[in-house]
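Heads up, the thing below is written out as structure tokens.
Numbering (this note's numbering), first residue to last: 54 to 244.
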């Protein structure tokens, strides 16, 4: 998807990227392909996607035959995503605040009791809280492949002696790895 296409869609929706929500729309589909590959997504998997935006990653996830649960806060994007995937029985779009859905455990009703993975381009402003919420939940994800700010990823993967509270917290529950650097021009607007 090109930035002009994103601008056109946003104009049609009467919307614009909101800095307060950490919105940066992924343009580069090869990044999505790599995320799906790293998460080892396949038919029958349950995937939770947070902040699907305009559905670039959602499309790649759905193409695998996995069951995709996309959680979006912005009503305009919910309606847009629902229209894109209305014929795809494997995609469920939830309108709501993912942090609230974790706290009240309602997200887990949609996930069910089986294993699940998180594959998402996380909104920058809730990254730390979101990671903590899922990693400390009673029903933890089997795997998380998330796009986050480079600086946050570097802090999370710090070696002993340089670790922050965030890196200690994440590494207590998981084995984080920095998989790839994504250039700013892969997003609209660039972060």
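All C-beta atoms, glycine included, are put in the ideal place defined by N, C-alpha and C.
Practice item. Pick helix, strand or coil for residue 94, following the three-state DSSP scheme. Key: coil
Exercise for review: Please name the residue or residues paired with residue 240 in a DSSP beta bridge.
Suggested key: 79
Check your understanding: Is it a yes or a no for the segment 167 to 187 touching the segment 67 to 87, going by three-plus beta-carbon pairs under 8 Å?
Key -> yes
Practice item. State yes or no: is the C-beta of residue 133 within less than 9 Å of the C-beta of residue 145? Key: no
**Study point:** Runs of beta strand (DSSP E) lying entirely within the segment 181 to 226, each at least 3 residues, in chain order
**Key:** 196 to 200
Practice item. Return the first residue and the last residue of the alpha helix (DSSP H) that residue 113 is part of. Key: 109 to 116
Practice item. Excluding the 5 residues preceding and the 5 following residue 231 in the sequence, name in chain order all residues of the same chain whose CB lies nearer than 8 Å to its CB. Key: 206, 207, 210
Review point. Assuming residue 26 and residue 190 make a contact with CB atoms under 8 Å, what is their CB distance in whole Å?
Key: Given a span of 54 to 244 for the chain in the structure shown, any question on residue 26 remains unanswerable.
Exercise for review: Can you grab the Cα-Cα spacing for the pair residue 125 / residue 229, in whole Å?
Suggested key: 25 Å
Review point. If you check the beta carbons only, do residue 170 and residue 98 fall under 9 Å apart?
Key: yes
Check your understanding: Roughly how many angstroms separate the alpha carbons of residue 224 and residue 217, rounded to a whole number?
Key -> 10 Å
Review point. Contact check, residue 88 vs residue 110 under 8 Å by CB: the rounded distance?
Key: 7 Å
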